[in-house]
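Student: Dropping a structure here in structure tokens format, bear with me for questions.
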Amino acid sequence: MMMFNPIHNLPRRAPSPKISPALLALMVLCGLLASASPALAQSADDLRLEDAPAAEDASDDEAQPDDAAESSNNEPGVRPAPTAEDRQQQASESVARQLQTSANTVTLYQLAEEMVDEAISDIADLNPTAVAPVAVRNLDVSPNLSIHFGDFVQSTFISSVANLTDIRIKRCIACRAMRSRVEGDDWVVSLGLTEHEDLRREAERLGVKTYLDLRFHFFPEANVAAMQLEIFRADDGAILWSQTYRSDATSAAILRSGDRVVSRAERVRELERKVEERPYYGHTLYLGMSTIPYDGPAGAITGAAIGYRLYERFGEDRRYLFGVGAEGFANFSDANGLLGAFVGATFQRELLPPNLNSIELRTGPTVGGFFAGSEGNSFAVEWGLDAVLQFRLGAGLSLMYFLPTEYAGYDLGGFGFKARASFNW
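Taking mature numbering (1 follows the signal peptide of the UniProt record, and there is no 0), I'd label the letters of the sequence shown as residues -41 to -1, 1 to 384.
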């Protein structure tokens, strides 16, 4: 007898398809790529260099909206780094905009004009028959300056020479012209006159005796601009005159900052003076008043003072002074009459570095004695502060300790002071 099993007669579910491991891995990889694409776009945008010109960024975004839309839909691109020409243009604009000096912000154009003025003062002293007429042969500027700035320097120089000196000046167009020629199978390109014979022939054609080269350089590390001029003879190339000018050594720069730039010749003379033991002497003549404490009925004795001091300068920048001096003291009153003189030695130091625009402050002690005759003689120590207003006139104050002594039956001495107006040379 057959047994009926209802389970075997029920409809069965179709077996589920099996997913291969390779297909599963591919699906996971696609999901990871889709989620990482915004991060990739953000990181790609961060790769843009910050020193790229802002104006160029704006113009690129406005001029290429289609490219921006396309890059947002597709894979984002990396902005290319600026070329060497772009970096040179940025540096030129930054340098030409301003140059920081110790006094104020001065444009590089102003510094160039100041150096040209210094050069013109020297060129005006040259013998015109030896150097004129002169032709401008070469102009060279440092890579961080634009050629347009070089043209400005050259034009300023040429106009100053033509208008302010007796030297005739011309332009040598052929000296910087580009030429090309065919030599065999080669195409040769040359800039300017490369042979001295060419320079000689061009000088004869222009009717000039000499050539002039001008070089202008900016050194950002030292914050200094320099201009070098050279004049050489067209016949044999002999250098007739050459000079270098620095932006921090011109008369205008010294006037702004007050700092004196010592030249090599001045340093040599200073060394020779020290080797020969020739000192730097100075003189001070002053008129003022002095007060000496006194226990008499009329109180402290105040009198007129006139003095002279001879000193010698030494040390770095000659900021130390040592000298001797004498000061007369006089009080002609009946109650506190006193006549005497201070004699002593003074050591002072200048507090401020040498500067043409600032006052000169000197401070230091003076040790000496007071002589008044049979009584009232004593020792005195004072500490003074003197200010020389630019060059000749000055003023000073001193705090004095007068060693107590007996004068006319009362004690003379204690802390007093002095005030003076001086003439210095």
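Built from N, CA and C at the ideal position, the CB exists for glycine as well. Predicted model only: the values in this text are computed from it and were never measured.
Report yes or no: do the region 300 to 309 and the region 281 to 289 share at least 3 C-beta pairs separated by less than 8 Å?
Tutor: yes
Student: List the whole-angstrom C-beta distance separating V100 from I106, where the pair is believed to meet the contact cut-off of C-beta under 8 Å.
Tutor: 7 Å
Student: Could you spell out the range, first to last residue, of the beta strand (DSSP E) harbouring P363?
Tutor: L352 to Y366
Student: Less than 8 Å between the CB atoms is what I'm expecting for L358 and G372, so what's the real figure, rounded?
Tutor: Their Cβ separation, rounded to whole angstroms, is 14 Å, which puts L358 and G372 out of contact at 8 Å.
Student: Answer with buried or exposed for I198, where buried requires no fewer than 16 other C-beta atoms within 10 angstroms of its C-beta.
Tutor: Residue environment: I198 is assigned as exposed (fewer than 16 neighbouring CB atoms within 10 Å of its CB, all protein chains considered).
Student: I need the DSSP call for P324, collapsed to helix, strand or coil.
Tutor: Reduced to three states, the DSSP call for P324 is strand.
Student: Name, in chain order, the residues that DSSP records as bridge partners for D293.
Tutor: Looking at the DSSP assignment, D293 forms no beta bridge with any residue, so it has no partner.
Student: Given a cut-off of 8 Å on the beta-carbon distance, is the pair L165 and I190 in contact?
Tutor: no
Student: Where does A339 fall in DSSP's three states?
Tutor: strand
Student: For G323, which option in N336, L280, V347 and F178 has the closest C-alpha, if you only look at C-alpha atoms?
Tutor: L280
Student: So, is I126 buried or exposed, given that buried needs 16 or more other C-beta atoms within 10 angstroms?
Tutor: buried
Student: Rounded to the nearest angstrom, what separates I132 and E275 at their Cα positions?
Tutor: If you draw a straight line from the Cα of I132 to the Cα of E275, it comes to about 51 Å.
Student: In three-state DSSP terms, what is G109?
Tutor: helix
Student: Going by DSSP in three states, Q187 sits in which element: helix, strand or coil?
Tutor: strand
Student: How do the region 174 to 182 and the region 147 to 163 stand: do at least 3 beta-carbon pairs fall below 8 Å, yes or no?
Tutor: no
Student: Is the distance from the Cβ of D207 to the Cβ of V183 below 8 Å?
Tutor: yes
Student: Distance, Cα to Cα, L70 vs H242?
Tutor: 38 Å
Student: If we ignore side chains and look at the alpha-carbon of each, how far apart do S119 and D195 end up?
Tutor: 27 Å
Student: Whose C-alpha, out of L344, L297 and A294, is nearest the C-alpha of L310?
Tutor: Looking at the Cα atoms, L344 is the closest of the given residues.
Student: Buried or exposed: which applies to A91, given that a residue is buried once 16 or more other Cβ atoms fall within 10 Å of its Cβ?
Tutor: buried
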